[in-house]
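Comments concern the structure below.
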DNA sequence: CACAATTCAATTGCGCACAACTAAATGGCG
DNA sequence: CGCCATTTAGTTGTGCGCAATTGAATTGTG
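Chains as they are written, first to last, in the numbering used here: chain Y, 1 to 166; chain W, 1001 to 1166.
Rendered as C-alpha cells:
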C-alpha cells in the first residue's frame, strides 16, 4: 500500500519508523475488523441481527441453551455487554431469559422457536462472507490460526503488563 | 483450538459446519482486535490516550496538521466519530481545531506543543506492542499484508452487496 | 448574479466494549 | 447457625463506530 519495501532481513528499522502508520499491524487488524463489520451489516440486515447478536445466536445454535456466564466465556464478553444485547434479542423474540431454578444467581438463555428457526436462514451467511473475503478455505484457515496465535500472545502479555512489567 | 482438523483439500465441508464458531474467521479477527485493544489500553494509559486517539496522533505526527476530512481518509473514520474524539484531544491540550481561513467549511487540526512533545514518549509504544505479539518483524509484515488484502476484498464486496447482489 | 448541487463538520441516535460498581444468591468456615 | 467471601447479572458511565440528518460554505451552471 505504501511505496516502501521492507525486506525480510531488515532488523535495524529506526525507532521513528515504527511509528509509521502503515507499519502498525494493529491498524490493519482494526481496519479489517471494521471492513468485516461492514459486510456483515449488509448481509445480516435480512435477519434483523447485528454482528455481535449473530455471534450470540451462533453459540446458542451450536451449544444449545446456556447461562449468561457460559455465553460470555465463549465470546469473551462480560455481562456489561451481554445483558443489554440479550434484552434486545429477547425483545426481537429470538431468546427467552429465565433465572435458573437451581441457582438463582444464574440466568439461562433459551432459544425460542423463532430463534431456532432463524438458523435455517443463517446457513447461507458464512458462505457469502467467505466469498466476500476472496480467500479460499486454506487461506482462511491459515489466517485464523495466525490470529488465534496472536490473541493468545496478546492476552498473556496484557496480563503480564497489568501485573507490573515495564 | 478445536479437536477437528481441516485438511486443505476438503472442499465438501457440510453447510452446517460453516456455522461452527471456530470456523468463523471473523470471530478470530474480532477477538484479536479486542485483545490488541486490551494491550493498548494498558500501554497507552501512561500517555492518557485511548487507542483511537493514539491513531489520530500517529497520523498527525507523521503528516503534520490536517483538516478533519484528510484525517478521516487516513483512518477510515467519518466526522461522526472524529468530531467528539478531537474535542476530547483538544480538551486534553494535545490539539487545537481551527476553521480554515481559505475554506470555512473545513476544520484544521493542529498539534499543540504538548501534542508534538508527546511523540517522544510514544516512541516506545510500538516496540512494546510488537513484543507483546510474540511475532518477529517478518511475521508481522506478512500478517499485515494479508489483512490489508482482506480489507480491500471486503470493502469491494460490501460495495457490491450494497448495490444489489444476492 | 441567482439558484441548485456538492462538500464538510457537527449532531443525534443506536449499539457495542469495557471498567467500576451494585445487589442478590450461594458456599464455606468457625 | 451466623457471618463473610465468592459468584453471577445487572446497571452506570465513558468512548468508539456508523447511519442519518442538519446547517453552513463553496462550487457549478444557466
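Backbone N, C-alpha and C define an ideal beta-carbon position, used for all residues, glycine too.
Judged by beta-carbon spacing, residue 1121/W lies beyond the 8 Å limit of residue 1043/W, meaning their Cβ atoms are not closer than that value. For residue 38/Y, the number of other beta carbons within 10 angstroms of its own is at least 16, and it is reported as buried. Residues of chain W whose Cβ lies closer than 8 Å to the Cβ of residue 80/Y do not exist; the shortest such Cβ separation is about 14 Å. Within the segment 75-120 of chain Y, the runs of beta strand (DSSP E) that reach at least 3 residues and sit entirely inside it are, in chain order, 95-99 and 107-111. Here DSSP, grouped into helix, strand and coil, assigns residue 1055/W to helix.
Here the alpha carbons of residue 1054/W and residue 18/Y stand approximately 14 Å from one another. Under the 8 Å Cβ criterion, the segment 84-91 of chain Y does not count as touching the segment 144-152 of chain Y, having fewer than three qualifying pairs. With its beta carbon less than 8 Å from one in chain Y, residue 1123/W belongs to the interface. Within chain Y, the residues 55, 58, 126, 129 and 144 have their CB atoms less than 9 Å from the CB of residue 1024/W, given in chain order. Residues of the segment 1030-1045 of chain W with a C-beta less than 9 Å from any C-beta of chain Y: 1030, 1031, 1032, 1033, 1034, 1035, 1036, 1037, 1038, 1039, 1040, 1041, 1042 and 1043, listed in chain order. Counting other Cβ atoms within 10 Å of its Cβ, residue 1117/W stays below 16 and is therefore classed as exposed. For residue 1062/W, the nearest CB of chain Y lies under 8 Å from its own CB, placing it at the interface with that chain. In this structure, DSSP gives residue 66/Y an extended state, which the three-state scheme calls strand. Taking a C-beta distance under 8 Å as the contact criterion, residue 1025/W and residue 25/Y do not qualify as a contact pair. For residue 114/Y, the closest C-alpha among the options 105/Y, 95/Y, 78/Y and 76/Y is that of 95/Y. Between the alpha carbons of residue 1029/W and residue 1081/W lies a distance of about 22 Å.
For residue 1158/W, a Cβ of chain Y is located within less than 8 Å of the residue's own Cβ.
Per DSSP, the unbroken alpha helix (DSSP H) holding residue 37/Y starts and ends at 25-44.
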